[in-house]
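Only one structure is covered here, and it is reproduced in the block below.
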Amino acid sequence: MGASAGASERHTLADFANKLPRDWEEIQDQLPDFYKWDIEYVTTHGEAGAAAGCWTCSPLQDVGSEQIPLTIAEAPVVLPIEHQWPPIGGVHPPPDPRPSALIDCRTEMSLETIRDIFLTFEGTLGFYVLISGLLQIIVSDTFDTTWASSHLPHRYGGLKVCYITKTMEPTMLQSNVAIAPRTNALSQSQSSQLMSATGQARSGQSLQLNDFIEARVSSTSREKFAGKIGLKVEKDSQPYLIMSTHVITEAILSKSFFGLNRDPLKRLQEDWNKNAEIWAGNAKIGKVEKSYDQAAEYYPTGFYHDVTLIRPNATASIGDIRSPISDIGWLNREAWSSLRQQPSSIKILGPTDASRAAKCIKCNVPSEAIIVGEGIFYNQTAAAGSKPMKKHDLSTWNRFVSRAVLYRVNPEFNPPNGYSGIALYADGTREDGTQGPGIVGFQSFVQKSDHPQKFNMPEGPHLERRLKEGRVAFYGAFQVPDEIRRAYSIL
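Take any residue in the sequence shown, count from 1 to its spot, add 1: that is its number in the numbering used here.
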């Protein structure tokens, strides 16, 4: 993590909260010059007509996201992905198809509405619904935005529509491999961090929460893909570790393979334990027991939860992996869906032992994260066949859609690589009906707010450096699988 920001820097001008929304410009005058003219207060209306507001900020200067507060006057600050609105080139676009059925951007979107959005904006990969009232449609590089600007609505259910290319990145740590253009290059400090973590077995330390957990393609390979040990859970007296699925799948997809089966994706259809080994503390610690992303392909295609259970070996040193909150549970579905109504409600779960700070994330920093929206992704797989989208009923659509909570965090994950799998929690109603702290999900991806143009740029270090640049808009964590919430207890 980067340098810790004080509470007054993360949450500024709280004494001015009573001036919102009417006198928001008076609050703007109190903000630093380097972003005060790039921020505005916007109000959205819910299903019952109640108004809610937030700040939306798109700095023009070279300002890092950690320099922008999480809240101003107790209202959350959203950093949208750079976009054009109204969509550029639009000539006489069709009207809002839902003028009398406004969408509340702070409540759960119904499956019917999700289906209608995908059918209206056909060919899109997913979308972000931000609490600022912005609907950011995720499209491929080949999507014809000029045509869409004239033939598709600029508003949908009252939300402003804009188009962004798919630039979300998984937050795994990758070392000692050739980096593909779509992947961030690994810094020397990150390599040192991973080497420090893998050496902990030699120092006699047992594993703890948020230590690195790796997927290797073989015991002798130098290729390592790492995330964090998110939780230790239990079912029928058998303990398991939770880690990010994409750490394993990226390792398998990277594996050099000679023979008849040269298609990397086909290896994901085999037993993952044949193609990847799970390591932590410089020792092989267990095997994949079950993944909740069986249809996984290249990230994020086929990812519904980004959660995999690891069954530890009998010799694995996992006795010290414990939640620092003894009575923590699982946040239930209804509480998860209402998180956007409580934007300052989530925290990072992790150990606070300073001696392990190089490889662990400190927890319980007050209000260190805020919810800024929800990500919804379309994951139709081969199992659905070639049937057109509009021909599927709602029960089938439920299998196509994955949801992720979007959040800003301060101090920033700097760099974001290596944080996959850390657990997020919030207070609310838990799966057993009690009130208290409950797990929201596990860190999975980062979304930059400004993706630099890279057209006609040859592959190589210059392109990699450009891909590393960019201000973070938010991070994402998928929903916890129903089975885990209902059948596994947290240790």
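No residue lacks a Cβ here, since even glycine has one placed at the ideal position from N, Cα and C.
Inset, instruction - Pick helix, strand or coil for residue 250, following the three-state DSSP scheme. - result: For the purposes of this step, residue 250 is identified with residue 249 of the sequence shown, where counting begins at 1. Residue 250 falls in the helix class under three-state DSSP.
Inset, instruction - Find out if the Cβ-Cβ distance for the pair residue 349, residue 424 is shorter than 9 Å. - result: One-based indexing of the sequence shown puts residue 349 at position 348. One-based indexing of the sequence shown puts residue 424 at position 423. The answer is yes: Cβ separation under 9 Å.
Inset, instruction - Report yes or no: do the region 423-438 and the region 74-89 share at least 3 C-beta pairs separated by less than 8 Å? - result: no
Inset, instruction - Go ahead and pull the three-state DSSP assignment for residue 11. - result: Within the sequence shown, numbered from 1, the residue matching residue 11 stands at position 10. Three-state DSSP puts residue 11 in a helix.
Inset, instruction - Assign residue 485 to one of three DSSP states: helix, strand, or coil. - result: Looking up residue 485 in the sequence shown gives position 484. Three-state DSSP puts residue 485 in a helix.
Legend entry - Under the three-state DSSP convention, the category residue 438 falls into: Taking the first residue of the sequence shown as position 1, residue 438 is located at position 437. It is a strand residue.
Legend entry - Nearest residue (CA-CA) to residue 490, options 31, 235, 93: Along the sequence shown, read from residue 1 onward, the residue named residue 490 stands at position 489. Closest option to residue 490, Cα to Cα, is 235.
Legend entry - Continuous beta strand (DSSP E) stretch holding residue 286: start and end: The sequence position of residue 286 within the sequence shown is 285, counting from 1. Per DSSP, residue 286 belongs to the beta strand (DSSP E) from 284-292.
Legend entry - Option in 480, 256, 343 with minimal Cα separation from residue 441: The residue given as residue 441 occupies position 440 in the sequence shown. Nearest of 480, 256, 343 to residue 441, Cα basis: 480.
Legend entry - Rounded C-alpha distance that separates residue 327 from residue 256: Counting from one through the sequence shown, the residue named residue 327 turns up at place 326. Counting from one through the sequence shown, the residue named residue 256 turns up at place 255. Cα-Cα distance, rounded: 40 Å.
Inset, instruction - State yes or no: is the C-beta of residue 273 within less than 9 Å of the C-beta of residue 243? - result: Indexing the sequence shown from 1 puts residue 273 at position 272. Indexing the sequence shown from 1 puts residue 243 at position 242. No, Cβ-Cβ distance for residue 273 and residue 243 is not below 9 Å.
Inset, instruction - Quick one: using the 10 Å Cβ neighbour count with 16 as the cut-off for buried, is residue 396 buried or exposed? - result: Within the sequence shown, numbered from 1, the residue matching residue 396 stands at position 395. Exposed: under 16 other Cβ atoms inside 10 Å.
Inset, instruction - Return the chain-ordered list of same chain residues with a C-beta closer than 6 Å to the C-beta of residue 365, the five sequence neighbours on each side being excluded. - result: Working through the sequence shown from its first residue, we reach residue 365 at position 364. Bear in mind that a pLDDT of 43 at residue 365, under 50, signals an unreliable position, so the model cannot answer this.
Legend entry - Reduced DSSP secondary structure (H/G/I, E/B, other) of residue 233: Position 232 of the sequence shown, counting from 1, holds the residue named residue 233. Residue 233 falls in the strand class under three-state DSSP.
Inset, instruction - Could you please give me the residues that DSSP links to residue 444 through a beta bridge? - result: Indexing the sequence shown from 1 puts residue 444 at position 443. BP columns for residue 444 point to 478.
Inset, instruction - Would you mind sorting residue 211 into buried or exposed? The rule is 16 or more other CB atoms within 10 Å of its CB. - result: Here the question's residue 211 lines up with position 210 in the sequence shown. Buried is the call here.
Inset, instruction - Could you round the C-beta distance between residue 414 and residue 420 to whole angstroms and report it? I think they count as a contact, below 8 Å. - result: Taking the first residue of the sequence shown as 1, we reach residue 414 at position 413. Taking the first residue of the sequence shown as 1, we reach residue 420 at position 419. The Cβ separation is near 5 Å, so the contact holds.
Legend entry - Ordered list of alpha helix (DSSP H) runs contained in the region 75-139, each at least 4 residues: 112-121
Inset, instruction - With DSSP as the reference, label residue 334 as helix, strand or coil. - result: Walking along the sequence shown from the start, residue 334 turns up at place 333. Residue 334 falls in the helix class under three-state DSSP.
Legend entry - Cβ contact check for the region 296-314 and the region 276-288: 3 or more pairs under 8 Å: yes
Legend entry - Local Cβ density within 10 Å of residue 474, reported as buried at 16 or more and exposed below that: By one-based count along the sequence shown, residue 474 stands at place 473. Burial call: buried.
Legend entry - One or two residues paired with residue 312 in a DSSP bridge: In the sequence shown, the residue the question calls residue 312 occupies position 311. For residue 312, which the question treats as bridged, DSSP gives the partners 288.
Inset, instruction - State the DSSP-derived secondary structure class of residue 464, mapped to helix, strand or coil. - result: Numbered from 1 along the sequence shown, position 463 holds the residue referred to as residue 464. Confidence at residue 464 is low in this model, with a pLDDT of 44, below 50, so the placement of that residue is unreliable and no value is reported for it.
Inset, instruction - Give a yes or no on contact between the region 154-165 and the region 130-143, applying the rule of three or more CB pairs nearer than 8 Å. - result: yes
Legend entry - Residue of 416, 410, 39 minimising C-alpha distance to residue 476: Locating residue 476 in the sequence shown gives position 475, counting from the first residue. For residue 476, the nearest C-alpha among the options comes from 410.
Inset, instruction - Using DSSP bridges, identify the partner residues of residue 378. - result: Residue mapping note: residue 378 aligns to position 377 of the sequence shown, counting from 1. The partner list for residue 378 (beta bridge, DSSP) reads 127, 403.
Inset, instruction - Tell whether a beta-carbon distance below 9 Å holds between residue 248 and residue 173. - result: As a first step, residue 248 must be located in the sequence shown, where it is residue number 247. As a first step, residue 173 must be located in the sequence shown, where it is residue number 172. Yes, the pair counts as a contact, with Cβ atoms nearer than the cut-off.
Inset, instruction - Have a look at 269, 339, 171, 402 and flag the residue whose alpha-carbon is nearest the alpha-carbon of residue 416. - result: Reading the sequence shown from its first residue, position 415 is the one you call residue 416. Comparing Cα-Cα distances from residue 416 to each of 269, 339, 171, 402, the minimum goes to 171.
Inset, instruction - Could you please give me the residues that DSSP links to residue 164 through a beta bridge? - result: Working through the sequence shown from its first residue, we reach residue 164 at position 163. Its beta-bridge partners are 138.
Legend entry - residue 256 in three-state terms, based on DSSP: Position 255 of the sequence shown holds residue 256. Reduced to three states, the DSSP call for residue 256 is coil.
Legend entry - residue 280 - DSSP class collapsed to helix/strand/coil: Your numbering for residue 280 matches position 279 in the sequence shown. Three-state result, residue 280: strand.
Inset, instruction - Would you decide whether residue 92 is buried or exposed? Buried here means 16 or more other CB atoms lie within 10 Å of its CB. - result: Start at 1 with the first residue of the sequence shown, and residue 92 comes out as number 91. Exposed, because fewer than 16 other Cβ atoms sit within 10 Å of the Cβ of residue 92.
Legend entry - Terminal residues of the beta strand (DSSP E) in which residue 298 lies: As a position in the sequence shown, residue 298 is number 297, starting the count at 1. Here residue 298 belongs to no beta strand (DSSP E), and DSSP marks it neither H nor E.
Inset, instruction - Output the distance between the C-alpha atoms of residue 231 and residue 154, rounded to the nearest integer angstrom. - result: Locating residue 231 in the sequence shown gives position 230, counting from the first residue. Locating residue 154 in the sequence shown gives position 153, counting from the first residue. Approximately 41 Å between the Cα atoms of the pair.
Legend entry - Buried versus exposed call for residue 102 [16 or more other C-beta atoms within 10 Å across all chains shown]: Taking the sequence shown and counting its residues from 1, one reaches residue 102 at position 101. Per the 10 Å Cβ criterion, exposed.
Inset, instruction - Determine the burial state of residue 375: buried for a count of at least 16 other Cβ atoms within 10 Å of its Cβ, exposed for fewer. - result: Residue mapping note: residue 375 aligns to position 374 of the sequence shown, counting from 1. Buried, since its Cβ has 16 or more Cβ neighbours within 10 Å.
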